[in-house]
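This report concerns only the one structure given below.
Numbering (full-length UniProt numbering), first residue to last: 1 to 345.
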């Protein structure tokens, strides 16, 4: 039985959903880190696990209250609502700053990941042969993923479904960025840019009572791709949640060690000082997506120039990112203390 949530708790759940949605959009950042640091990772995984056959039976038998209580529906709805809002608001703002102040955005997230490593690692115990090996394994896999070369774009529906299953790993597995995985699979622009923009334009058309998009084969094809991707994501969420809830229950310390390694390995993807490499045709001309934006191929990393003032500003943003996590840590401790005071009274 879950404790009743206050209005403030519900409000912050939506905010956490906003943060998860924004994190999932940025290559190299994992929404799962937000859940882990925000202190609701286990509840998120266990709630997703409840979307099973028993839940379907309760729903089809008309036992709506039992269904909502069993699946912790209020928690999931508020969180997912925040994520959906994020895709049309916060992530749009992030896209704007990534285009104009890319170094500072990467630096901020790099600092937040550093803060996350401290946050997770400071109270972790026990360190022994097994957990050290698990952390190193997670680190090696995380670093290896960051240096893989991307594939070409592929709009085959079976592959799109597979992309949905894999990309959702960023929500369930802290340190594994779903959006970066989509870059490696070659479908980041198709699924997180073109498809989201097509959905946004469709909603805009519907609200203005314009249904001409139904006669637009390109728009309908993109919406079909988005529907298959969404179905794959939902399948991945539920299936991953069952696996993760099992390992969290039986191998919690080892799993946390792997996650710590994964997050540390993701620093390679988020290294702020890098040049974006774009896809080109055989003649060296940049390739564009359907919105006229250049298609990302990968990143070339370099050491910062300490004589450049912009480097020092980026350092400040790294510190700011770390401070955000330290403030969250402080807020979480204070919140626990207040709850304990209420219980003792």
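Every residue, glycine too, gets a C-beta built ideally from N, C-alpha and C.
Taking all protein chains shown into account, decide if residue i is buried (16 or more other Cβ within 10 angstroms of its Cβ) or exposed.
{"i": "residue 309", "result": "exposed"}
{"i": "residue 173", "result": "buried"}
{"i": "residue 126", "result": "exposed"}
{"i": "residue 282", "result": "exposed"}
{"i": "residue 1", "result": "Confidence at residue 1 is low in this model, with a pLDDT of 47, below 50, so the placement of that residue is unreliable and no value is reported for it."}
{"i": "residue 327", "result": "exposed"}
{"i": "residue 24", "result": "buried"}
{"i": "residue 112", "result": "buried"}
{"i": "residue 214", "result": "exposed"}
{"i": "residue 62", "result": "exposed"}
Report all residues from its chain with a CB closer than 6 Å to the CB of residue i; omit the five preceding and five following residues, and keep chain order.
{"i": "residue 265", "result": "139, 142 and 143"}
{"i": "residue 82", "result": "14, 17 and 18"}
{"i": "residue 105", "result": "97 and 98"}
{"i": "residue 304", "result": "273 and 311"}
{"i": "residue 21", "result": "83, 86 and 87"}
Considering Cα atoms alone, identify which of the options is closest to residue i.
{"i": "residue 247", "options": "228, 45 and 23", "result": "45"}
{"i": "residue 76", "options": "326, 55, 275 and 43", "result": "43"}
{"i": "residue 168", "options": "326, 245 and 182", "result": "182"}
{"i": "residue 145", "options": "114, 113 and 184", "result": "184"}
{"i": "residue 158", "options": "53, 52, 100 and 187", "result": "187"}
{"i": "residue 6", "options": "74, 39 and 64", "result": "74"}
{"i": "residue 233", "options": "194, 162, 243 and 209", "result": "162"}
{"i": "residue 263", "options": "134, 216, 249 and 218", "result": "134"}
To which residues of the same chain is residue i closer than 7 Å at the C-beta, ignoring the five residues directly before and after it?
{"i": "residue 108", "result": "317, 320 and 321"}
{"i": "residue 48", "result": "237, 238 and 241"}
{"i": "residue 301", "result": "271, 273 and 274"}
{"i": "residue 245", "result": "45, 46 and 49"}
Just to confirm before moving on: does the CB-CB distance between residue i and residue j stay below 8 Å?
{"i": "residue 33", "j": "residue 260", "result": "no"}
{"i": "residue 254", "j": "residue 130", "result": "yes"}
{"i": "residue 78", "j": "residue 10", "result": "yes"}
{"i": "residue 192", "j": "residue 225", "result": "no"}
{"i": "residue 222", "j": "residue 198", "result": "yes"}
{"i": "residue 116", "j": "residue 37", "result": "yes"}
Taking 8 Å as the limit between beta carbons, can you name the residues of its chain near residue i, skipping five residues before and five after?
{"i": "residue 212", "result": "205"}
{"i": "residue 147", "result": "268"}
{"i": "residue 70", "result": "50, 54, 55 and 58"}
{"i": "residue 219", "result": "198, 201, 202 and 213"}
{"i": "residue 66", "result": "58"}
field: Cβ pair count under 8 Å reaching 3, the stretch 100-115 against the stretch 228-236
entry: no
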